[in-house]
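Student: Below is one structure. I have some questions about it.
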Amino acid sequence: VTILNDPTHIIYNSGSQAFTLWVKNTGTRSLSVNETVVLVDAQTFTNASFTSQLPSNVSAWGPGVTVVFTLQGLNLTAASDHFLKVVASHGAEATFEFYW
Numbered sequence: 207v208t209i210l211n212d213p214t215h216i217i218y219n220s221g222s223q224a225f226t227l228w229v230k231n232t233g234t235r236s237l238s239v240n241e242t243v244v245l246v247d248a249q250t251f252t253n254a255s256f257t258s259q260l261p262s263n264v265s266a267w268g269p270g271v272t273v274v275f276t277l278q279g280l281n282l283t284a285a286s287d288h289f290l291k292v293v294a295s296h297g298a299e300a301t302f303e304f305y306w
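If you read the sequence shown in my numbering, its first letter stands for residue 207, the second for the next number, and so on.
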């Protein structure tokens with residue numbers, strides 16, 4: 207997987223504590239959104255604490271498909287470096303560092 211977010215333009219709402227994340231399946235097999243785990247600093251997000259959205263004409267997270275994840279309840283410290291890791295099914299993973 208590849209994280210497509212721009213580290214210089216983070217989509218985070220500190221009032222609602224919602225963070226938007228775009229993740230593309232760059233592998234050769236379909237992945238399970240429900241088995242995906244997102245780690246941000248010391249917080250862990252599973253399918254119970256994020257929403258996900260596939261493109262409107264797609265029904266599975268197949269190769270080449272980008273999923274938009276919205277993490278709920280993410281409390282980021284302002285003016286700090288942050289570390290994010292996405293772990294999807296079949297061992298697919300990606301890391302991302304950003305400043306917010």
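Where a beta carbon is used, it is the ideal one built from N, C-alpha and C, also for glycine.
Which two residues bound the contiguous beta strand (DSSP E) that contains Asp247?
Tutor: Where Asp247 is concerned, there is no enclosing beta strand (DSSP E), given that its DSSP letter is neither H nor E.
Student: Report the CB separation of Ser255 from Leu277 in whole angstroms; it is logged as a contact under 8 angstroms.
Tutor: At roughly 7 angstroms, the Cβ-Cβ gap stays under 8 angstroms, so Ser255 and Leu277 are in contact.
Student: At the level of alpha carbons, what is the spacing between Phe225 and Asp287?
Tutor: Between Phe225 and Asp287, the C-alpha separation is close to 15 angstroms.
Student: In whole angstroms, give me the CA-to-CA distance for Gln259 and Asn253.
Tutor: Rounded to the nearest angstrom, the two C-alpha atoms are 12 angstroms apart.
Student: So within the stretch 280 to 306, which uninterrupted beta strand (DSSP E) runs reach at least 3 residues, ignoring any that extend past its ends?
Tutor: With a minimum length of 3 residues, the continuous beta strand (DSSP E) runs that stay inside the stretch 280 to 306 are 287 to 293, 299 to 305.
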